[in-house]
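In what follows, a structure is listed as structure tokens, so that the remarks can point back to it.
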Amino acid sequence: MTHRIVVLGAGYAGANAAGRLAKRLHPADTEIVLVNADAEFVERVRMHQLAAGQDLKVRKLTDVFAKTGVQVRIARVNAVDAERKIVDTDGGDIAYDTLVYALGSAAHGVPEHAYDIAGKQSALRLRARLAELGAGAAVLVVGGGLTGIEAATEIAEARPDLDVSLATRGEFGSWLSDKAHGYLRKAFDRLGITVHEGVDGREIPADVTVWTAGFAVHPIAAATTLEVSPTGQIVVDETMRSVSHPDVYAVGDAAFAVGGSGSLLRMSCASGVPTAHLAADAIAARLTGRAIPENKIGYTGQCISLGRNDAMVQWVTPDDQPKPSVLTGKVAVRVKELICKSAAWSISHPTVLAPSRRRRISTAGAELAQGSNAALSHD
1 MTHRIVVLGA GYAGANAAGR LAKRLHPADT EIVLVNADAE FVERVRMHQL AAGQDLKVRK
61 LTDVFAKTGV QVRIARVNAV DAERKIVDTD GGDIAYDTLV YALGSAAHGV PEHAYDIAGK
121 QSALRLRARL AELGAGAAVL VVGGGLTGIE AATEIAEARP DLDVSLATRG EFGSWLSDKA
181 HGYLRKAFDR LGITVHEGVD GREIPADVTV WTAGFAVHPI AAATTLEVSP TGQIVVDETM
241 RSVSHPDVYA VGDAAFAVGG SGSLLRMSCA SGVPTAHLAA DAIAARLTGR AIPENKIGYT
301 GQCISLGRND AMVQWVTPDD QPKPSVLTGK VAVRVKELIC KSAAWSISHP TVLAPSRRRR
361 ISTAGAELAQ GSNAALSHD
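Encoded structure:
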């Protein structure tokens, strides 16, 4: 009997999971279905570039997964019935044996008339609005995290005629090392970006407001019988497997997960890809009766673009704490660009980096994969 694995979402996490599963499992007894609302892969780490007027490479999912064995279905997910093991989409119901939930996150709490860059369409709306602005118009970016920093610097560099500012509740760049913090301040001064710190309820006039103050996961998981965290993320074990439903895995922003050090993973591409790889390997191991992989997920750095001509890489510990050292300038630009291109390349070549041997599913493995959290024995 064919074992159907349905992957919801084709962002960095979902697309990597689908491709890796296709490389791991034999197509004779496995069916892999990738469901996504958009027909193209959205390079989310570049949404600030898209909003600032740059064009991004188009990657159609049907082209990406051609000849891989992965079935691409362009449909919007409406609901998941975790008891009946059915996904309700606007293209019809899809039954699954194993589900990989990778629907990701979106901008949270965006006020009326504000713009966000959490997705392609919202970034394009901001792009169109910025194009309408004349010299001297005020653009306010709300949120002092990585997204806010990259949005403010990208817009200020692309449109030096605009009055760009950033507002944050706390101290600007407080999580960075002293060296990185100082470099960030100088970059903002060079680009003419005003920073408003400690903002809480104060009105700041602007012609355009860009909201980057937080992300929230899609509410679909919270509406199921799956165990979720207060944030709506699916609570998973060390292999990205739901603690309440052993036939469901969650990866990327949708997962409430810890890394190899035991620290909670943050919403990011840096978490999405490794959680996808781990989940895919764990699913394949359980289905084929092999050893369960160990969770070794950890961080090495936070790459922050400061426009197209400047950047910095804050080196961090595996549990994401800043180290004193930081890479800056042109070298950091090249490192950041290499990482972004590598992430996109992994999407465009979904089965290249995964182990090449496709293994057959065992009867015992299929039963255990759906009914128990116990690890399988080694060969």
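Okay, so the sequence shown: first residue is 1 according to UniProt numbering, each after it adds one.
Every residue gets a Cβ at the ideal spot worked out from N, C-alpha and C, and that includes glycine.
CB contact flag (V7, V33, <8 Å): The residue you call residue 7 lines up with position 7 of the sequence shown. The residue you call residue 33 lines up with position 33 of the sequence shown. A contact, by the Cβ cut-off of 8 Å.
C-beta atoms of G104 and D207 nearer than 8 Å: What you label residue 104 is simply residue 104 of the sequence shown in a count that begins at 1. What you label residue 207 is simply residue 207 of the sequence shown in a count that begins at 1. With respect to D207, G104 sits apart: the two C-beta atoms are not nearer than 8 Å.
Exposure label - W345; buried when at least 16 CB within 10 Å: As a working mapping, residue 345 is identified with position 345 in the sequence shown. Label assigned to W345: exposed.
The region 131–151 in contact with the region 197–216 per 3-pair CB rule at 8 Å: Between the region 131–151 and the region 197–216 there are three or more C-beta pairs closer than 8 Å, enough to call the two in contact.
For G148, three-class secondary structure by DSSP: In the sequence shown, residue 148 corresponds to position 148, counting from 1. Residue state, collapsed to three classes: helix.
Host alpha helix (DSSP H) of I86 (start-end): One-based indexing of the sequence shown puts residue 86 at position 86. Careful: I86 lies outside any alpha helix (DSSP H), inside the beta strand (DSSP E) at 86–89.
For K323, the three-state DSSP class (helix, strand or coil): Here residue 323 refers to the residue found at position 323 of the sequence shown. The answer is strand: DSSP assigns K323 an E or B state.
Contact between the region 143–154 and the region 185–205 (3+ Cβ pairs under 8 Å): Segments in contact, yes.
Supposed contact pair N16 and A276 - C-beta distance, whole angstroms, cut 8 Å: One-based indexing of the sequence shown puts residue 276 at position 276. One-based indexing of the sequence shown puts residue 16 at position 16. Indeed, because the Cβ distance is near 4 Å, the residues count as touching under 8 Å.
Assigned exposure category for A180 - 16 Cβ within 10 Å defines buried: Looking up residue 180 in the sequence shown gives position 180. Residue burial is scored here from C-beta neighbours: A180 has at least 16 other C-beta atoms within 10 angstroms and is therefore classed as buried.
Beta-ladder partner(s) of E40, from DSSP: As a position in the sequence shown, residue 40 is number 40, starting the count at 1. Its beta-bridge partners are K60.
Alpha-carbon to alpha-carbon, Y115 and S325: Within the sequence shown, residue 325 is the residue found at index 325, counting from 1. Within the sequence shown, residue 115 is the residue found at index 115, counting from 1. If you take the alpha carbons of S325 and Y115, they lie about 34 Å apart.
Candidates A107, V64, N36, A52: closest to R73 by CA position: To locate residue 73, count along the sequence shown from 1; it is residue 73. Minimum Cα distance to R73 is reached at N36.
Proximity to A52 [Cα-Cα], best of R266, V164, G201, G272: The residue given as residue 52 occupies position 52 in the sequence shown. Out of R266, V164, G201, G272, the CA that lies nearest to the CA of A52 is found in V164.
For E31: DSSP bridge partner residues: Position 31 of the sequence shown holds residue 31. Checking the DSSP bridge columns, you'll see E31 partnered with R4.
Closest by C-alpha distance to S242, when choosing among M312, A102, F65: Counting from 1 along the sequence shown, the entry for residue 242 is found at position 242. Here the closest residue by C-alpha is A102.
CB of V217 within 8 Å of CB of G201, strictly: To locate residue 217, count along the sequence shown from 1; it is residue 217. To locate residue 201, count along the sequence shown from 1; it is residue 201. The answer is no: Cβ separation not under 8 Å.
Same chain only: Cβ atoms within 7 Å of K296, ignoring 5 sequence neighbours per side: The count along the sequence shown starts at 1 and reaches residue 296 at position 296. G260.
Secondary structure, beta strand (DSSP E): runs of 3+ residues fully inside the region 106–161: Given a length threshold of 3 residues, each whole run of the beta strand (DSSP E) inside the region 106–161 is given here in chain order: 138–142.
Meets three-Cβ-pair contact criterion under 8 Å: the region 303–313 and the region 326–342: When C-beta atoms of the region 303–313 are compared with those of the region 326–342, three or more pairs fall below 8 Å, so the two segments count as touching.
CA-to-CA distance, S268 to E171, given in whole angstroms: Translated into positions along the sequence shown, residue 171 becomes position 171. Translated into positions along the sequence shown, residue 268 becomes position 268. When rounded, the distance between both Cα atoms is 22 Å.
Beta-carbon proximity list for L21, same chain, < 7 Å, skipping 5 on both sides: Position 21 of the sequence shown, counted from the start, is the residue given in the question as residue 21. Shown here for L21: same chain residues with a beta carbon closer than 7 Å to its own, the five before and five after excluded, namely I5, I32, A280, I283, A284 in chain order.
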